[in-house]
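Taking it in order: structure first as structure tokens, then the write-up.
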Amino acid sequence: MLKNKNKQIIAADLALFLVALLWGGGFVAVKDAIGSITPFYMIAMRFGVAGLLISIFCWRRFKNVKKQDIKMGIFVGLFLFLGSAVQTIGAQYTTAGKQAFLTGVNVVIVPFIEWILYKDKLDIYSVLASILCLVGIGFLTLKGSTSINIGDFLTLICAVLFAAHITLLGHHAKKVDTIVLSVIQMLTTSVLSLICALIFEPIPKAFPSDIYGSVLYMIFFSTMLAFSIQTIAQRYTPASHASIILCLESVFGSIFAVIFLGDVFTPSMILGCLLILVGIITAETKLKFLGQCRDVGKYLRQKFVDI
13 MLKNKNKQII AADLALFLVA LLWGGGFVAV KDAIGSITPF YMIAMRFGVA
63 GLLISIFCWR RFKNVKKQDI KMGIFVGLFL FLGSAVQTIG AQYTTAGKQA
113 FLTGVNVVIV PFIEWILYKD KLDIYSVLAS ILCLVGIGFL TLKGSTSINI
163 GDFLTLICAV LFAAHITLLG HHAKKVDTIV LSVIQMLTTS VLSLICALIF
213 EPIPKAFPSD IYGSVLYMIF FSTMLAFSIQ TIAQRYTPAS HASIILCLES
263 VFGSIFAVIF LGDVFTPSMI LGCLLILVGI ITAETKLKFL GQCRDVGKYL
313 RQKFVDI
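Okay, here's the thing in structure tokens:
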């Protein structure tokens with residue numbers, strides 16, 4: 013029984029690794045398409061199609077939807093919309109690689125929002141992680157001056173909004189079917205984006221054929237498939253596993269940006285990325301793995317002495 017459970021955890025962890033990979037590719041897809049599709053129309057299309065497709069495949073889950081479920085989905089979807097809107101607009105003014113790491117900072121912000129909203133106690137690891145991330149952001153975004161460009165600034169705002177979204181999602185997911193919640197928040201994001209698009213953006217006449225691949229990737233892979241896999245996988249693996257693995261999204265995003273978009277990282281930017289990554293790992297693991305490594309070291313030394 014225990015062996016089967018371990019196999020389920022390993023399979024779920026591998027599935028979440030795939031999710032991080034898909035989300036990392038999403039940064040490249042957004043950057044590739046943003047020059048041809050205005051931000052709000054892009055978001056409306058991405059979440060609208062993905063939400064409708066998931067609801068078609070999982071229509072049985074909506075038979076007993078309550079009014080309270082819809083309210084929760086709309087409320088959480090508001091923050092998903094705000095985060096996605098700011099992130100997509102910011103993509104016009106910064107590189108995909110930098111945006112991937114800056115967006116990943118949301119993991120460090122979550123404990124502070126939980127402290128503000130739900131009075132959850134802060135620990136020293138969250139504070140340390142925040143300091144590491146702030147220093148890393150400085151190395152990553154400041155180029156010989158004390159100013160930060162608008163794209164990086166918007167991405168940092170999006171990190172705060174996504175942190176709020178993650179916190180609220182985790183709180184409300186305990187009270188409603190996760191698939192129902194996911195679909196309602198996606199459709200809410202799509203509707204709000206479409207309203208903003210009709211108000212602030214010109215109606216697109218046609219989309220260039222060379223961005224079809226990026227648009228399809230955003231809809232089917234980084235939204236519909238990734239969200240579905242994440243929802244299923246997190247039933248079988250501890251939250252600590254999930255959060256650490258999903259942090260790799262920022263690493264994959266930066267790697268793909270270098271490979272496919274030709275992003276260039278200077279030594280100071282690489283140092284900034286490493287500091288942010290260490291900060292994210294510190295916040296999520298509380299450095300517990302160091303104790304495990306110490307125990308393994310003691311065991312190996314003892315075995316060596318016995319020999």
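Under my numbering, the first residue of the sequence shown is numbered 13, with each subsequent residue one higher.
Using N, Cα and C, we set each Cβ at its ideal position, and we do this for glycine too.
**OP:** Return helix, strand or coil for T50, following the three-state DSSP convention.
**Re:** coil
Original post:
Can you tell me whether K187 is buried or exposed, with buried defined as 16 or more other CB within 10 angstroms of its CB?
Top reply: exposed
**OP:** Answer with buried or exposed for S221, where buried requires no fewer than 16 other C-beta atoms within 10 angstroms of its C-beta.
**Re:** exposed
**OP:** Give every residue of the same chain whose Cβ lies closer than 7 angstroms to the Cβ of C170, excluding the five residues on either side of it in the sequence, and list them in chain order.
**Re:** G95, V98, Q99, G102, T115
Original post:
Below 8 angstroms between beta carbons: does that hold for C70 and I288?
Top reply: no
Original post:
From which residue to which residue does the alpha helix (DSSP H) around F91 run?
Top reply: 79-102
Subject >> Cβ-Cβ separation, F113 to C285 (assumed contact under 8 angstroms), whole Å >> reply: 5 angstroms
Subject >> Inter-residue Cα distance where the pair is T243 and F151 >> reply: 35 angstroms
Original post:
Hey, would you say G85 sits closer than 8 angstroms to V192, going by beta carbons?
Top reply: yes
**OP:** Determine the DSSP secondary structure at R72, reduced to helix, strand or coil.
**Re:** helix
Original post:
Taking the alpha-carbon positions, what's the V172 to P216 distance?
Top reply: 30 angstroms
Original post:
L228: which of T50, A209, M57, F29 sits nearest, CA to CA?
Top reply: M57
**OP:** List the endpoints of the continuous alpha helix (DSSP H) containing C170.
**Re:** 162-184
**OP:** Quick one: grab the DSSP three-state call for I215.
**Re:** coil
Original post:
Looking at H184 and V88, is the spacing between their C-beta atoms short of 8 angstroms?
Top reply: yes
Original post:
If you count every other CB in all the chains shown that lies within 10 Å of the CB of G225, and 16 or more means buried, which is it?
Top reply: exposed
Original post:
Of the residues G265, L34, I293, which one's Cα is nearest the Cα of S142?
Top reply: I293
**OP:** Tell me whether F7 sits in a helix, a strand or coil according to DSSP, three-state version.
**Re:** Outside the shown range of the chain, which is 13 to 319, sits residue 7, and nothing can be said about it.
**OP:** Spatial neighbours of Q20 within its chain, please: CB distance less than 7 angstroms, with the 5 preceding and 5 following residues excluded, ordered by chain position.
**Re:** Y248
**OP:** Assign F212 to buried or exposed, taking buried as 16 or more other Cβ atoms, counted over all protein chains shown, within 10 Å of its Cβ.
**Re:** exposed
**OP:** Grab me the residues of V61's own chain with a C-beta within less than 7 angstroms of its C-beta, minus the 5 sequence neighbours each way, in chain order.
**Re:** I231
**OP:** Can you say whether P123 is buried or exposed, counting buried as having 16 or more other CB atoms within 10 angstroms of its CB?
**Re:** buried
Original post:
How many angstroms separate the CA atom of F74 from the CA atom of Q197?
Top reply: 14 angstroms
Subject >> P51 versus G38, Y137, C208, residue with shortest Cα-Cα distance >> reply: C208
Original post:
When you compare only the Cα positions, how much space is there between L136 and A175?
Top reply: For clarity, residue 136 is Ile in the given sequence; the question names Leu instead. C-alpha separation (whole angstroms): 19 angstroms.
**OP:** Could you tell me which of V117, V42, I22, L30 sits nearest to F272, measuring between CA atoms?
**Re:** V42
Subject >> For G109, the first and last residue of its enclosing alpha helix (DSSP H) >> reply: 108-115
**OP:** Check each candidate in F39, K131, V117, F93 and name the one with the smallest Cα separation from Y53.
**Re:** F93
Subject >> Any non-hydrogen atom of the ligand HEM within 7 angstroms of G274 CB >> reply: With respect to the ligand HEM, the structure shown offers nothing to examine, as it has no ligands at all.
Original post:
CB Q111 to CB F59, shorter than 8 angstroms?
Top reply: no
Original post:
If we ignore side chains and look at the alpha-carbon of each, how far apart do S67 and V195 end up?
Top reply: 7 angstroms
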